[in-house]
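Chemist: Sharing a structure here in structure tokens format.
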Amino acid sequence: METTPVTEKRKLRPRKTPVATADPDLHSDEEVRGPSKRRKTTSRSVKKGKKQGDDLGSQSSKGGKGKAGSTKRKLKGESVANGGEKKKKARSVVKGDIGTVKEEEEDELRGEQEEESQDDEEEAKEPTVRVTKKKTSQASDAALEVELIGDPFDDAVARKRWPHRYQRKGTESNFLSHVRSETPEDLRARRHYSFAKVDGVMFELYDDAYVKAEDDNPDYICRIVEIFEGVDCKAYFTAQWFFRAEDTVLKERGKTLDERRLFLSEDKNDNPLDCLGAKLKIVRVEPNIDLLAKSEAIPKSGFYYDMSYSVAYSTFENLSTAIDVLKELSTSVVSSESANKEKTEPELFPWEKKPLHLLDLYSGCGGMSTGLCLGAALSGVSLETTWAVDLNSSACESLQRNHPRTQVRNEKADNFLKLLKEWEKLVEEYNVENEHTIDMSDYSEKSDTEEDNNSKLPKGVFEVAKLVNICYGDPQNTGDVGIKFLVHWKGYSSEDDSWEPIENLGDAKERIKEFVVNGYKHNILPLPGTVDVICGGPPCQGISGFNRFRDGQNPLKDEKNRQLVVFMSIVDYLKPKFVLMENVVDILKFAKGFLGRYALGRLIEMNYQARLGLMVAGCYGLPQFRMRAFLFGALPTEILPQFPLPTHNVIMRGGAPNEFENHLVALDVNADRSILKNELFLGDAISELPEVTNKEHREEMPYGTGPSNDFQKYIRLSRREMLDNSFGDQVQEQKLFDHQPLHLNPDDYARVCRIPKRKGANFRDLEGVKVGSDNVCYLDPNIARPLLPSGKPLVPDYAISHLKGKSQKCFGRLWWDETVPTVVTRAEPHNQTILHPTQDRVLTIRENARLQGFPDYYKFVGSLKERYMQVGNAVAVPVGRALGCALGRAFKKVESDGSLFTLPSNFFLPVPQPDLGEVQL
1 METTPVTEKR KLRPRKTPVA TADPDLHSDE EVRGPSKRRK TTSRSVKKGK
51 KQGDDLGSQS SKGGKGKAGS TKRKLKGESV ANGGEKKKKA RSVVKGDIGT
101 VKEEEEDELR GEQEEESQDD EEEAKEPTVR VTKKKTSQAS DAALEVELIG
151 DPFDDAVARK RWPHRYQRKG TESNFLSHVR SETPEDLRAR RHYSFAKVDG
201 VMFELYDDAY VKAEDDNPDY ICRIVEIFEG VDCKAYFTAQ WFFRAEDTVL
251 KERGKTLDER RLFLSEDKND NPLDCLGAKL KIVRVEPNID LLAKSEAIPK
301 SGFYYDMSYS VAYSTFENLS TAIDVLKELS TSVVSSESAN KEKTEPELFP
351 WEKKPLHLLD LYSGCGGMST GLCLGAALSG VSLETTWAVD LNSSACESLQ
401 RNHPRTQVRN EKADNFLKLL KEWEKLVEEY NVENEHTIDM SDYSEKSDTE
451 EDNNSKLPKG VFEVAKLVNI CYGDPQNTGD VGIKFLVHWK GYSSEDDSWE
501 PIENLGDAKE RIKEFVVNGY KHNILPLPGT VDVICGGPPC QGISGFNRFR
551 DGQNPLKDEK NRQLVVFMSI VDYLKPKFVL MENVVDILKF AKGFLGRYAL
601 GRLIEMNYQA RLGLMVAGCY GLPQFRMRAF LFGALPTEIL PQFPLPTHNV
651 IMRGGAPNEF ENHLVALDVN ADRSILKNEL FLGDAISELP EVTNKEHREE
701 MPYGTGPSND FQKYIRLSRR EMLDNSFGDQ VQEQKLFDHQ PLHLNPDDYA
751 RVCRIPKRKG ANFRDLEGVK VGSDNVCYLD PNIARPLLPS GKPLVPDYAI
801 SHLKGKSQKC FGRLWWDETV PTVVTRAEPH NQTILHPTQD RVLTIRENAR
851 LQGFPDYYKF VGSLKERYMQ VGNAVAVPVG RALGCALGRA FKKVESDGSL
901 FTLPSNFFLP VPQPDLGEVQ L
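If you count by the UniProt record's numbering, then the sequence shown holds residues 1 to 921, one letter each, in order.
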């Protein structure tokens, strides 16, 4: 490849990633309270100060991108420190992070500067052409020439285009006061120019250029969006910064992306003109999910950009005219034919014609996909869970029970991906698009007796009647892994159906063709380009704090984290319009956020737009906190969904990693909180449910009483009222399902019965427990240890030793005016607070389901422990519902600025809204 200034500099300079976020010291005293926060600025504000011994007017900057400090000038005739050194031209450089400037000149005397500033204020009003030349010196008397070239902009035009540069600063009377008090956006101008020359190189407005970095750091890259002469008669330019991938939130992960690929940011600041280095030609490439077509469009050498980057919510997005002013004007644009095809009306609005298809990976019992479909319906978009995959059989049964039209597959996601690839081959082999659906009723409607009577096969001879299902793997544990068909044998009952390798069915080609044609027509498996949304929460158990052998260097080497790779590989293969990944916040904490950066980087690598946010379940109308990370992805042909702002006030409990604290989806600190509903408590969710005992065995029961508040009215709505179309138009009777607690053993039940029915009660209230001044509990040495009828201790040893004696959770009783941190997957009360406030039992499955926002009509399948596990592992339904609204807006091409939007006023009154309105924060 031809050597470019970029590759050359990379060889000469060791890479050091500039900080892409603001200096954390600037925000160390900030806290998040309720669903609001003080946003960390993305404008890279600069700390200013004067070191002891510095000349008046000098300033230093630190941290993020900011305006350059004032100039230090060396007096003419000053001796060179090392007289024999070679002379070289001096150039201002950007220190550390972009925008911190070190200028190698000394300041002039204060009186001269004040007089010059006052004179310039008067001269700026005259429409004369002026050329400014600036000389600097660095251990030498050689000069770097800086010139503003040509006629300046007309004064009226300049003031209209850059009004902030020409505003008076109140009572400030001289430039020194301006220097001491101004922010990076405050630099005032005398006049603006279109051209400038630095060291003989001509720069024009909107040129791209390197900006000198300090020492051996790689030069930064910018677009020149302003060239002006300041009121101090010095030449400045405004830089709009490009980010290399490794300069973004991706950090080290960014080095795996194309090193020529840049991301244009909205971050801008002012710097002395002599910071400019070499001129560049950066090509804007139209985004394209077709990586091959895009690669052919990209120049063989040099930089290109196809997305914007914003620190807020780590957003990688299609270029807008607000960020890329050259988007409509630039001639430096390359695109592929497939990227620019004009869409027809049916392609623009597919949601108006038929349901959109969703694939739920690692689906569990279906909490996230259920919420997404409900939220999309609220937005007037029909989204349906067409396929679901999970390894847990009881969770699959629960999802199938509540979504009977969904193709639910109980298998590993790895095998599902292999099956999809083999299925595509079969579809192509049998040319199914030109085939008609084959009527299988001749096989399905015949009874086994009829088949027996009509078939007189020789003993030991088996004939394929039909193929029932397909999978990839080894379902019968024979040691043979591959494509298998579930075969129904002629003359035998369905109990004799068996999984057979495709290689063993060479004489049943017609039956294979029938299955493939019918399977294609009935959409039993997704094909590339047929999926509208993929959602899922790939398990990352390798980062759990309970894993003592966690790999902190490369967590993806841990097999327990491999499903994150599989999830992204399925996305890469199917190319859905939208992606939504959910996971625990630890993916942004463990190993410096390695897994979170990997997931984000994979989407960017696949040319998806992306946005990352942290959402709290309680902020959307639930009495539990439960913070989770969500990652949106969208094809470049789609609108990148925004995150929904909270609907309820919640007291924050922390949990967000420091680096990602500004990713919390919340109101700004100055926003009007009166628009939020009051936070919900345990009593709001479960107070009207009928009383049950520790041994309750009924799977369903009547309510007994009516709802007592809005939450209870909402959670009792029918499927039709909730806009849930998974059962079609079928009307179901309203019953209360799964209101059963885990059946405690006699010893635990005896302990629970002795826990007082008051707020804060726990095992410490049991006889024989003492608590020291250090809050450490211990057994009372002055009495005999109380025993249960079984002879076991009333207070078990684990309760005393848990958390080194400081635990207050063992056999803890919840109270009506409390919220729960998170709904758990295990219902044993040994180390958690899960007892009912006034009944001697743990919370029931239904009570936990309400804390997760599952509608009462949602019935779970499996043992008691399995159902607790399903509910605890699910994504809170209201969070999914809010995100479904975001997806609905994106499908309907609702464009708006920013990363956040306000949910419609009818969010808790589910009536579809064709006109979503534009309520923005």
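Yeah, the Cβ is synthetic: ideal placement off N, Cα and C, and Gly gets one too. None of the values given here were measured: they were computed from a predicted structure.
What do you get for R841, buried or exposed, if any count of 16 or more other CB atoms within 10 angstroms of its CB means buried?
Modeler: Buried: at least 16 other Cβ atoms inside 10 Å.
Chemist: Whole angstroms is fine: what's the gap from P404's alpha carbon to K281's?
Modeler: Approximately 56 Å, taken between the alpha carbons.
Chemist: Per DSSP, A610 is paired with what?
Modeler: DSSP, once it has assigned bridges, lists F316, G633 as partnering A610.
Chemist: Start and end of the beta strand (DSSP E) containing P272?
Modeler: From DSSP, the beta strand (DSSP E) with P272 extends over 261-272.
Chemist: Would DSSP call P644 helix, strand or coil?
Modeler: Three-state DSSP puts P644 in a strand.
Chemist: What did DSSP end up calling E204 once you bin it into helix, strand or coil?
Modeler: E204 falls in the strand class under three-state DSSP.
Chemist: Could you check if T321 is buried or exposed, using at least 16 other CB atoms within 10 Å of its CB as the buried criterion?
Modeler: The residue is exposed, with fewer than 16 neighbouring Cβ atoms inside 10 Å.
Chemist: Would you decide whether M869 is buried or exposed? Buried here means 16 or more other CB atoms lie within 10 Å of its CB.
Modeler: Flag for M869 reads buried.
Chemist: Cβ of P528 within 7 Å of Cβ of L359?
Modeler: The answer is no: Cβ separation not under 7 Å.
Chemist: Please tell me whether R846 and D738 are closer than 7 Å, where the distance is taken between their beta carbons.
Modeler: Yes. Within cutoff.
Chemist: Specify, as a first and last residue, the run of the alpha helix (DSSP H) that N782 falls within.
Modeler: Careful: N782 lies outside any alpha helix (DSSP H) and carries neither H nor E.
Chemist: Using CA atoms only, rank isn't needed, just tell me which of E495, G805, D586 is closest to residue 965.
Modeler: Nothing about residue 965 can be reported from this structure: the residues present for the chain run from 1 to 921 only.
Chemist: So for T705, helix, strand or coil by DSSP?
Modeler: Residue state, collapsed to three classes: coil.
Chemist: Kindly confirm or deny that the region 311-321 and the region 637-649 touch, where touching means at least three C-beta pairs closer than 8 Å.
Modeler: The region 311-321 is in contact with the region 637-649.
Chemist: Hey, would you say N271 sits closer than 7 Å to A239, going by beta carbons?
Modeler: Yes, these two residues count as a Cβ contact at 7 Å.
Chemist: DSSP three-state label for G64, please.
Modeler: Residue placement at G64 cannot be trusted, given a pLDDT of 38 that sits under 50; what the coordinates show is reported in the next sentence. Coil at G64, not helix or strand.
Chemist: Could you tell me which uninterrupted alpha helix (DSSP H) segments, each at least 4 residues in length, are contained entirely in the region 498-535, listed from first to last along the chain?
Modeler: You should have 509-521.
Chemist: Is the region 870-889 in contact with the region 574-587, if contact means three or more CB pairs nearer than 8 Å?
Modeler: Yes, the region 870-889 is in contact with the region 574-587.
Chemist: For N469, does the three-state DSSP call read helix, strand or coil?
Modeler: Residue state, collapsed to three classes: strand.
Chemist: Looking at the strands, I want to know which residues DSSP matches up with W387.
Modeler: Answer is L359, Q407.
Chemist: Do A685 and L556 have their C-beta atoms within less than 7 Å of each other?
Modeler: Result no, Cβ atoms of A685 and L556 do not sit closer than 7 Å.
Chemist: Could you check what DSSP says for E345 in three-state terms: helix, strand or coil?
Modeler: Because E345 sits at a pLDDT of 41, beneath the cut-off of 50, its placement in the model cannot be relied upon, and the point is left open.
Chemist: For a quick check, are the C-beta atoms of D497 and L505 less than 7 Å apart?
Modeler: No; because the gap between Cβ atoms is not below 7 Å, this pair is not in contact.
Chemist: For C222, which of helix, strand or coil comes out of DSSP?
Modeler: Note: C222 maps to strand in three-state DSSP.
Chemist: Pick out whichever of D507, K354, F416, Y193 has its Cα sitting closest to the Cα of V571.
Modeler: Minimum Cα distance to V571 is reached at F416.
Chemist: So, using beta-carbon positions, are Y304 and R244 closer together than 7 Å?
Modeler: No, the Cβ-Cβ distance between Y304 and R244 is not below 7 Å.
Chemist: Less than 7 Å between the beta carbons of T844 and Q712, yes or no?
Modeler: No, the pair does not count as a contact, with Cβ atoms beyond the cut-off.
Chemist: Can you give me the C-alpha to C-alpha distance between Y798 and W815, rounded to a whole angstrom?
Modeler: Each residue's alpha carbon lies about 24 Å from the other.
Chemist: Note down, in chain order, each residue of its chain lying with its Cβ closer than 7 Å to the Cβ of A882, except the 5 sequence neighbours on either side.
Modeler: Same-chain partners within the cutoff: G375, Y620, P644, L903.
Chemist: Is the separation between the beta-carbon of L148 and that of A196 shorter than 7 Å?
Modeler: Yes. Within cutoff.
Chemist: Could you spell out where the beta strand (DSSP E) holding G277 opens and where it closes?
Modeler: Here the beta strand (DSSP E) through G277 covers 276-280.
Chemist: Under 8 Å, with one C-beta from each stretch per pair, do the region 398-412 and the region 606-622 reach the 3-pair mark?
Modeler: These segments do not touch.
Chemist: Can you tell me whether V80 is buried or exposed, with buried defined as 16 or more other CB within 10 angstroms of its CB?
Modeler: Residue placement at V80 is flagged as unreliable, the pLDDT there being 33, under the threshold of 50; the coordinate-derived value follows with that caveat. Under this definition V80 is an exposed residue.
Chemist: Leaving out five residues on either side along the sequence, give the residues of the same chain with a beta carbon under 6 Å from the beta carbon of D586.
Modeler: Same-chain partners within the cutoff: I543.
Chemist: How far does the beta strand (DSSP E) with L580 in it reach, from first residue to last?
Modeler: Element bounds for L580: 578-583.
Chemist: Which value, in whole angstroms, describes the spacing of the CA atoms of I298 and P218?
Modeler: Their Cα atoms are separated by approximately 23 Å.
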